[in-house]
Structure formats: structure tokens, C-alpha cells
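Below is one structure; the comments refer to it alone.
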Amino acid sequence: MKIKHLTLLVCCLTATTSFAQSVINDEALRYQQQRMVFQQWDQNKFKPTSGFLGLNPYYWLTWGWFYPNYHKTDLRPLSANGPQTQRLALVGAMNTTDNNYKLQSDTVRNTALSQIAAQSGLISGTDPLWLLYYSNELKPVLNNSMLSILAGLSPQVSVKLVNEGLYAWYKNELDRLKERVQGARSADMDRGSRILAYHRLLMEYRKLAGIWAIRTSLAQTTLDMTTRQQALKNGQGIVTEWTPHSDNEIANKVLQHVQ
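Quick note on numbering: the sequence shown equals residues -2 to 256 in this note's numbering.
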């Protein structure tokens, strides 16, 4: 008896499993799935159809009474006017706008960087005009020292300039010019203003260097005159030969020039 019951149970389970695994081929459902996902909106694939003379009751129960206009409107997400197509188009438009904004911001950034580079004092040393001209012309100012200032002068002239305070005055003026040149190089300003500042400082240096040249020349002349006077006092001076005729000749030349 138990064997019979067990056999009946196995048969029931087998039948249930076979029924659960049977393939359902619903043509209307398959068309609807394809229609909503990717395939075209085919009017001939709406099941059930209206039938002969539109007398199919299943058609009217499915489409005619409840959804009469359903098959007339393309509802695919990827259709020409579908929501997915519209979303993708909107995403593409937004990407284009974002790229335009990025390009504009990059342009503004590059312009700002170029302006900063042109005005920043941190890279003023790379200016071609500074490298080729002003750095060399202002080198005596930037690299001034006692050795460079007194170079080419005799020891007697150097001692005289130091003792009289002329060296201290000139050194102080060069240091002031050096600070102004360094300020023009480190300050943030446009290139034209920086070049004009270099030019003004160079003109001031040349004027100062001219005064210094005059002072050193006068110091040398003063030393020479002092040396000659001392030699004359000591009887060591050289006197040229003199005769009364020489005075007459000089007077005659002067009179001839006046006439």
C-alpha cells in the first residue's frame, strides 16, 4: 500500500514539473515585448487582430474598447520621438554645452595665465629685452663693489676719493639705484611699464656715472698739480728756456690774431 502511494506521489510530482517547464509561446506577448524594446511599431503585429469585417470579439476586448488609439501611437522608448531618444538627445546637448563652457573657461584661464606671466615679477628675468640689453647696461649697478668702483684708478686717486667721502657718496647712490632696479624687477606690472622703469633707471645711472667720471678726473688733476707744486718748491721743476724774443713773438702772434 505504501509503495502504491509513493508511486502515485512521484507521478504527481513529475506531472507538475513537466507542466511548470512547458514553453509558453504567446505571439501577442512576444510582439508587445519586441515592440516596446527595439523593433518597429508594426501595425500588422498587434494581436489579436480585428478579424474578418472586424468581428473578432477579442480584438474589441483588447484594443477596440479600452485602448482604441494605442496601436496608432509609436510608444517605443527608442523611437524618433521616444523618451529614451529625447533623453539621449538632451544628454548630447548638455555635453555640447559643457564642452563649450569648458572651452570658454580654458580660454579665460589661458588668458589669465598669459597676463599673469606678462605682469608677474617672478619671471621678469626671462624678458628678452632685459637679457639682451638692460641686464648688461645695469650690471655696474647690480654688481657694484669697492673693487668695481675704484677699478682703473691709481692708488693715490682711490685714497683721495675715499678720504674725501666721494667714494661713500657714489657707493650710496649706486645702492639706492640697485634697490630701485630690484624693485622694478620684482614688482607686478605690465611689460611696458617695467621696460620704461629700466630705461629711467639706466638714464639716472649714466648721469651719476658721468658725475663720478668728472670727480675722478678732477682728483687726478688735483694730484698732478700738487705734485708739480711740490716739485717746484723743492727746486726739482723743469723750466723751459726763456728769452726776450720769445715774449715778443708771443705778443706779435696775439696781435696778428686780433687783427
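Built from N, CA and C at the ideal position, the CB exists for glycine as well. Values in this document were obtained by computation on a predicted structure and should not be read as measured data.
If we count the other Cβ atoms within 10 Å of its Cβ and call it buried at 16 or more, is residue i buried or exposed?
| i | result |
| --- | --- |
| Q256 | Model confidence at Q256 stands at a pLDDT of 49, short of 50, so the residue's coordinates are unreliable; what they give is reported in the following sentence. Q256 comes out exposed. |
| K250 | exposed |
| R182 | buried |
| Q253 | exposed |
| R27 | exposed |
| R191 | buried |
| L135 | buried |
| L174 | buried |
| V88 | exposed |
| K157 | buried |
Which residues bound the alpha helix (DSSP H) around residue i?
| i | result |
| --- | --- |
| R73 | Counting along the chain, R73 falls outside any alpha helix (DSSP H), and DSSP gives it neither H nor E. |
| M143 | M143 to I146 |
| L158 | P152 to N160 |
| Y167 | L163 to S183 |
| P137 | K136 to L139 |
Suppose the cutoff is 6 Å on Cβ atoms and the five residues either side in sequence are ignored; what does the same chain contact list for residue i look like?
| i | result |
| --- | --- |
| L263 | Residue 263 lies beyond the range of the chain shown here (-2 to 256); nothing can be said about it. |
| A25 | K44 |
| Q217 | V154 |
Keeping to the same chain, check which residues put their C-beta closer than 7 Å to that of residue i; ignore five residues upstream and five downstream.
| i | result |
| --- | --- |
| I247 | none |
| A194 | A181 |
Can you tell which of the options has the C-alpha that lies nearest to the C-alpha of residue i?
| i | options | result |
| --- | --- | --- |
| G122 | Q81, F43, A77 and A184 | A184 |
| Y64 | F43, R212, A86 and S142 | F43 |
| R197 | Y131, R84 and R27 | Y131 |
| T213 | M91, L135, S151 and W38 | S151 |
| K79 | G51, R32 and W62 | A small fix is needed here, since residue 79 is Gly in this sequence, not Lys. Checking every option, the nearest Cα to that of G79 belongs to R32. |
Can you list, in chain order, the residues of its chain whose CB lies under 8 Å from that of residue i, leaving out five sequence neighbours each side?
| i | result |
| --- | --- |
| D172 | N141 |
| F16 | Because the pLDDT at F16 is just 49, under 50, the model does not fix this residue reliably, and the point stays unresolved. |
| K168 | N141, M143 and I146 |
May I ask you to verify whether the stretch 66 to 74 touches the stretch 98 to 106, counting CB pairs closer than 8 Å and requiring at least 3?
no
Pairs of beta-carbons, one from the stretch 221 to 228 and one from the stretch 160 to 171, closer than 8 Å: are there three or more?
no
Is it true that the stretch 163 to 178 meets the stretch 195 to 204, where meeting means three or more beta-carbon pairs spaced less than 8 Å apart?
yes
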